[in-house]
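Structure, as structure tokens:
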Amino acid sequence: MEHPDLITHKNGRQRKLAGATIARNLDRGETSSSEPEVEEEAEGLIRGSDSEDRRHRVRPGIRGELGNILLLLFLYVLQGIPLGLAGSIPLILQSKSVSYKEQAFFSFVFWPFSLKLLWAPLVDALYFSKFGRRKSWLVPTQYLLGLFMLYLSTSVNSMLQGEGGPKIVTLTAVFFMLAFLAATQDIAVDGWALTMLSRENVGYASTCNSVGQTAGYFLGNVLFLALESADFCNKYLRIEPKDTGIVTLSDFLFFWGVVFLVSTTLVAIMKRENDHGRGKRRVQQEETQGVMETYKLLFSIIKMPTVFTFCSLLLTAKMGFSAADAVTGLKLVEAGVPKEQLALLAVPMVPLQILLPVIISKYTAGPRPLDVFYKAFPFRLLIGLEYALLVWWTPSVKQEGGFPVYYYAIVLLSYALHQVALYSMYVACMAFHAKVSDPLIGGTYMTLLNTVTNLGGNWPSTVALWMVDPLTSKECQGAVGQSCGSPVEAGLCVKEGGACVTTLDGYYVESVVCVVIGLAWWVWLGKKMRRLQEQSPAAWSCRVNQ
-16 MEHPDLITHK
-6 NGRQRKLAGA
4 TIARNLDRGE
14 TSSSEPEVEE
24 EAEGLIRGSD
34 SEDRRHRVRP
44 GIRGELGNIL
54 LLLFLYVLQG
64 IPLGLAGSIP
74 LILQSKSVSY
84 KEQAFFSFVF
94 WPFSLKLLWA
104 PLVDALYFSK
114 FGRRKSWLVP
124 TQYLLGLFML
134 YLSTSVNSML
144 QGEGGPKIVT
154 LTAVFFMLAF
164 LAATQDIAVD
174 GWALTMLSRE
184 NVGYASTCNS
194 VGQTAGYFLG
204 NVLFLALESA
214 DFCNKYLRIE
224 PKDTGIVTLS
234 DFLFFWGVVF
244 LVSTTLVAIM
254 KRENDHGRGK
264 RRVQQEETQG
274 VMETYKLLFS
284 IIKMPTVFTF
294 CSLLLTAKMG
304 FSAADAVTGL
314 KLVEAGVPKE
324 QLALLAVPMV
334 PLQILLPVII
344 SKYTAGPRPL
354 DVFYKAFPFR
364 LLIGLEYALL
374 VWWTPSVKQE
384 GGFPVYYYAI
394 VLLSYALHQV
404 ALYSMYVACM
414 AFHAKVSDPL
424 IGGTYMTLLN
434 TVTNLGGNWP
444 STVALWMVDP
454 LTSKECQGAV
464 GQSCGSPVEA
474 GLCVKEGGAC
484 VTTLDGYYVE
494 SVVCVVIGLA
504 WWVWLGKKMR
514 RLQEQSPAAW
524 SCRVNQ
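Heads up: the sequence shown at position 151 corresponds to 134 in this note's numbering, and the numbers run straight through without jumps.
Pasting the structure below:
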């Protein structure tokens, strides 16, 4: 169930050397897997520090930098708001009975975080030095985010409630722009975090990242869907029932648009980028590598045979999970499960999502982390079939007052099992990325691998949504000579007094096909991925100067 997920996929501590960007995985619910390796990357950024001295130095408290830490936390919260809102729109669209092809089109909104490596070198290399390297991008992108939200607050209702149904193309364009700006803001904040904090406290940047973005996504997704729902508000928050929720989408967008504009103005005026307090070691400014040199470096990494093979495997590994991850949540909403209840199920998953990487990393710390990936793969495929059974069972459980408690308990258990399998594969993959990345260009290397991993999840999800309608069979009952092969024919069927009845749901076809494809991948290509662990370190080293 992709859309109710609370936490976006991210890998917030990988940092590039000279021109490549920090990248985080935006496929909901993933945190950094390999603490020791990531700490070494972050600390390796600061030149002139001696490893032996660092090992014995007592780490100071954070009181002197509490303001900077709170600022970083707030900036990451702001980043999570548009992501959470974008994640809530498919559930709102589903309640308006849009087609799955339209849902597939809207799913392109989630691509910018997976593609930000394409423009990240520009963000690192182009700036106004007097204004600040990171503020040169942070301030305008956050102003644009605020202005887009204010614009949406006045027009989103017309986009969602047009005469011919929701205006999917317009919604996709606007929310794609929001996601693009949030991804750009993410690049700037990640870079600023490592110079805003002292060397001793730079590790807190990843904590701000994880906590802030999670909180922002929660506010923009779970909290919004709950407060926007009339049923939820009447049941839990009101004495006298009303027809609408406490807040509307327009109200929510207007409020956060104002917050973006006001807070960005304060940051632009009051926060100096390279302000070093008393007792704080001056951090050397990282050198900026030319934009073309950065792109050439990325291309040189991709050309390596082992990396090219690994990237090809990453791009195809998640095909078997696409129906379960992208369509299941929407099918549950279609079956009558309230979207706000579905979103709230992500809340009890937060402790599990925090603990799982810690537990799993104990098994991926050895020389063969992809063994865990390989072993978890078939279990995640089976959970996909279980999701299909859950969707099939849902209509028979529905009661007049909604769904019983035991139903939500089963959904929650299914979701928890899915998270265990998902995190097992993710943590193993991130551990392998850290293991094979050339330390000379480790940030760029890991960013590339993480980007490919994210892209390998995005394109199968879009395809899975797109194929639901073509694989679905419907027939017109109650009107002789009519069919339901297209929206026009379905309209004629209803006009003649009939009704279109689904005889074969494309979701179930997809679920079976995806599992078959996944099993084939696991049997043939999964073993090939495991064998990559046997390659020597030299096979993964990038010969930059050649």
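Beta carbons: idealized from backbone N, C-alpha and C, even for Gly.
Predicted model, so just to flag it, every value in this text is computed and none were measured.
Self-check item: Continuous beta strand (DSSP E) stretch holding L487: start and end
Solution: Membership of L487 in the beta strand (DSSP E) is indicated by the continuous run A482 to L487.
Self-check item: Beta bridge counterpart(s) of P402 as assigned by DSSP
Solution: The amino acid occupying residue 402 in the given sequence is Gln; Pro does not appear at that position. Residue pairing by DSSP places Q402 opposite no residue, since no beta bridge is assigned to it.
Quiz item: Would you call T137 buried or exposed, if buried means 16 or more other Cβ atoms sit within 10 Å of its Cβ?
Solution: By the neighbour-count criterion, in which a residue is buried when 16 or more other Cβ atoms sit within 10 angstroms of its Cβ, T137 is exposed.
Quiz prompt | Of the listed residues W175, S233, S119 and L56, nearest to L68 (C-alpha basis) | solution = Out of W175, S233, S119 and L56, S233 has the C-alpha closest to the C-alpha of L68.
Quiz item: Which one of F291, A171, A399 and M142 has the shortest CA to CA distance from P334?
Solution: Comparing Cα-Cα distances from P334 to each of F291, A171, A399 and M142, the minimum goes to A399.
Quiz item: Roughly how many whole angstroms lie between the Cα atoms of L49 and Q196?
Solution: Each residue's Cα considered, the two are about 18 angstroms apart.
Practice problem: Give the straight-line distance between the Cα atoms of R(-4) and E223, rounded to the nearest whole angstrom. | Solution: Low local confidence applies: a pLDDT of 35 at R(-4) is under 50, so the model's placement there is unreliable, with the coordinate-based value given in what follows. Roughly 48 angstroms between the two C-alpha positions.
Quiz item: Does the beta-carbon distance from V484 to Q460 come in below 8 angstroms?
Solution: Yes.
Quiz item: Measuring CB to CB, does S444 end up less than 8 angstroms from L487?
Solution: No, Cβ-Cβ distance for S444 and L487 is not below 8 angstroms.
Self-check item: alpha helix (DSSP H) segment containing C467, residue limits
Solution: Careful: C467 lies outside any alpha helix (DSSP H) and carries neither H nor E.
Practice problem: Look at the Cβ atom of K381, then the Cβ atom of G319, and state whether they are nearer than 8 angstroms. | Solution: For K381 and G319, yes; Cβs fall inside 8 angstroms.
Quiz prompt | Spatial distance of L373 from V81 (CA atoms) | solution = Distance from the CA atom of L373 to the CA atom of V81, rounded to whole angstroms, is 22 angstroms.
Practice problem: Tell me, please, which residues DSSP counts as bridged to E531. | Solution: The chain is shown from -16 up to 529; residue 531 falls before or after that span and cannot be answered.
Quiz item: With which residues is G385 paired in a DSSP beta bridge?
Solution: Beta-bridge pairing links G385 to Q382.
Quiz item: Who are the Cβ neighbours of A359 in its own chain at under 6 angstroms, not counting the five residues just before and after it?
Solution: The residues are A404, S407 and M408.
Practice problem: Go ahead and label P73 buried or exposed: buried means 16 or more other beta carbons lie within 10 angstroms of its beta carbon, across all protein chains shown. | Solution: When all chains shown are included, P73 counts as buried.
Exercise. Determine the DSSP secondary structure at K314, reduced to helix, strand or coil.
Key: In this structure, K314 counts as helix in the three-state DSSP scheme.
Quiz prompt | Terminal residues of the beta strand (DSSP E) in which Q460 lies | solution = Looking at the DSSP string, the run of the beta strand (DSSP E) that includes Q460 is S456 to Q460.
Quiz item: Would you say Y340 and V410 are within 8 angstroms of each other, going by their C-beta atoms?
Solution: Residue identity differs from the one stated: residue 340 is Pro in this sequence, not Tyr. Contact flag set, yes.
Quiz prompt | Alpha carbon of R221 to alpha carbon of L143, nearest angstrom | solution = Spanning the alpha carbons of R221 and L143 requires a straight line of approximately 26 angstroms.
Quiz item: Is R265 buried or exposed, if buried means 16 or more other CB atoms sit within 10 Å of its CB?
Solution: At R265, the pLDDT of 40 sits below 50, so the modelled position is not reliable and the matter cannot be decided from this model.
Quiz item: CB Y278 to CB P104, shorter than 8 angstroms?
Solution: For Y278 and P104, yes; Cβs fall inside 8 angstroms.
Practice problem: Determine the DSSP secondary structure at V266, reduced to helix, strand or coil. | Solution: Confidence is the limiting factor: at V266 the pLDDT is only 37, short of 50, which leaves the residue's position unreliable and the question unanswerable from this model.
Exercise. Over the uninterrupted alpha helix (DSSP H) stretch that includes F238, give me the two end residues.
Key: From DSSP, the alpha helix (DSSP H) with F238 extends over L232 to M253.
Quiz prompt | Cβ-based burial, N433 [other Cβ within 10 Å; buried from 16] | solution = It is buried - the Cβ of N433 has at least 16 other Cβ atoms within 10 Å.
Practice problem: Can you tell me which of the three DSSP states D107 falls into? | Solution: In the displayed model, D107 falls within a helix according to three-state DSSP.
Quiz item: What whole-angstrom Cβ distance do F215 and E323 have, given they're in contact under 8 angstroms?
Solution: Going by Cβ atoms, the distance from F215 to E323 rounds to 5 angstroms, so yes, they are a contact pair.
Self-check item: Sequence-distant residues of its chain with Cβ nearer than 6 angstroms to T153 (five each side left out)
Solution: Same-chain partners within the cutoff: M142.
Quiz item: Any idea what DSSP makes of S444, helix, strand or coil?
Solution: The three-state secondary structure of S444, taken from DSSP, is helix.
Quiz item: How long is the line joining the alpha carbons of L396 and P378, rounded to whole angstroms?
Solution: Their backbone Cα atoms lie some 19 angstroms apart in a straight line.
Quiz item: For V250, which option in S112, V446 and F57 has the closest C-alpha, if you only look at C-alpha atoms?
Solution: V250 has its Cα closest to that of F57, out of S112, V446 and F57.
Quiz item: Ordered along the chain, which non-local residues of its own chain (more than five positions away) have a Cβ less than 6 angstroms from that of Y390?
Solution: Cβ neighbours of Y390 beyond the five flanking positions: V380.
Quiz item: Looking at the unbroken alpha helix (DSSP H) that takes in T167, where does it start and where does it end?
Solution: Its alpha helix (DSSP H) spans residues I151 to M179.
Quiz item: Are L66 and G203 closer than 8 angstroms when you measure CB to CB?
Solution: Result yes, Cβ atoms of L66 and G203 sit closer than 8 angstroms.
Quiz item: Just checking my contact of F415 with P352 at CB under 8 angstroms: how many whole Å lie between their CB atoms?
Solution: P352 and F415 do touch by the CB rule: their CB atoms are close to 5 angstroms apart, below 8 angstroms.
Quiz prompt | Rounded C-alpha distance that separates S295 from W505 | solution = Cα to Cα, the separation comes out at about 14 angstroms.
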